């Protein structure tokens, strides 16, 4: 079986993974109301540069529009690897207490969706405000007394690998917080699993053998680091962007000016997905054990 680069692509346990035709990266937002934080970029198998995907409304992407777009692409054929910049689960040292014994990430997604049901556009912050769960979250203001920031194994491994320091999804406020986006993302994953009925694999919770859509958790700073960039400042310069893409084996980006940091994150992540997907070690990172794979998940590209 051949990958998009024409080489055999198998996991370390010799389970084959069918090649991908398209690589889609989604820079995500958990905001409520009107927001501009969602951007999508795509590149095809090969070495051509990534392109920004225009929102169907012509104005801005919403989480609902992203979910509808992904579902429509599955119906159109081909095989897609899609990465979303949000945590796919919560640290299970805490979240396991929300579920019956043996509960996994998919049970957590269903719980978050049920508690937040009724919030538009997959907004999920209602889960963090619910009386049964809110004590575990940092919602606003000074750090709560005695609150220790819980982290998933993948987040700690990302730090050890020198690829950046993801925040805990239990932190729910601030300009760079990932918590609301994580809860919204879990609702989207739950929705798509029901709608696509076996045509979706969410890695590493499910084996990505041959389904038309495989979704993975991404951390854009990881791709910038793998492109050789060490500065933490956001990139809005086309020359810097195309240089980073070249180091990921990609041609220049197709994107209109002015470039936003959301757009450049999505563009470099699309090329990074393509570059990493052909490496069997990406799909079987040393730090990922079976228990973590079914509960907390993993960040695509982290070795651990």
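Residue numbers (the UniProt record's numbering): 1 to 304.
Where is the CB? At the ideal position from N, CA and C, for every residue including glycine.
Note that the coordinates shown come from a computational prediction; the quantities given were computed from them, not determined experimentally.
Own chain, CB closer than 6 Å to residue 99, minus 5 neighbours either side, in chain order = 107
Under the three-state DSSP convention, the category residue 298 falls into = coil
query = Are residue 84 and residue 186 touching if we call contact CB-CB under 8 Å?
reply = no
Limits of the alpha helix (DSSP H) - the one that residue 67 falls within = 63–75
ask   = So residue 183 packs on residue 125, CB below 8 Å; how close in whole Å?
value = 6 Å
request  = Enumerate in chain order the residues of its own chain whose CB-to-CB distance from residue 198 is below 8 Å, with the five nearest sequence positions on each side excluded.
outcome  = 211
task = Specify, as a first and last residue, the run of the beta strand (DSSP E) that residue 157 falls within.
result = Taken as a continuous stretch (DSSP letters only), residue 157 belongs to no beta strand (DSSP E), being part of the alpha helix (DSSP H) at 153–160.
ask   = Can at least three beta-carbon pairs, one atom from the region 167–181 and one from the region 118–132, be found at a separation below 8 Å?
value = yes
Alpha helix (DSSP H) segment containing residue 189, residue limits = 179–196
request  = On a CA-only basis, which of 17, 41 and 19 is nearest residue 28? Give me that one, please.
outcome  = 41
Rounded separation between residue 12 and residue 80 - CA only = Low confidence applies to residue 12: its pLDDT is 41, below 50, so where it sits in the model is not reliable, and the reading given next is rough at best. So the alpha carbons of these two residues sit roughly 21 Å apart.
Residue 108 (DSSP reduced to helix, strand or coil) = helix
Residue span of the alpha helix (DSSP H) that contains residue 223, given as start and end = 220–226
task = Name the residue from 16, 62, 38 and 78 whose alpha carbon lies nearest to the alpha carbon of residue 23.
result = 78
request  = Taking only the alpha-carbon atoms, compute the straight-line gap between residue 167 and residue 177 and give it to the nearest angstrom.
outcome  = 7 Å
ask   = Hey, residue 248 and residue 226: beta-carbon distance below 8 Å or not?
value = yes
query = If we count the other Cβ atoms within 10 Å of its Cβ and call it buried at 16 or more, is residue 282 buried or exposed?
reply = buried
task = Classify residue 283 as helix, strand or coil using the three-state DSSP reduction.
result = helix
ask   = Mind checking whether residue 60 and residue 36 have CB atoms under 8 Å apart?
value = yes
task = Please go through the same chain and pick out, in chain order, the residues whose beta-carbon is closer than 8 Å to the beta-carbon of residue 239, but skip the five residues on each side of it.
result = none
message = One question on the structure: do residue 57 and residue 296 come within less than 8 Å of each other, judged by their Cβ atoms?
response = no
query = Got a sec? Which residues, its chain only, sit under 7 Å from residue 200 by beta carbon, not counting five neighbours each side?
reply = 192, 193, 211, 213 and 215
ask   = Quick one: Cα of residue 300 to Cα of residue 219, how far?
value = 8 Å
request  = State the CB to CB distance for the pair residue 63 and residue 38, rounded to an integer number of angstroms; the pair is presumed to be in contact (CB under 8 Å).
outcome  = 7 Å
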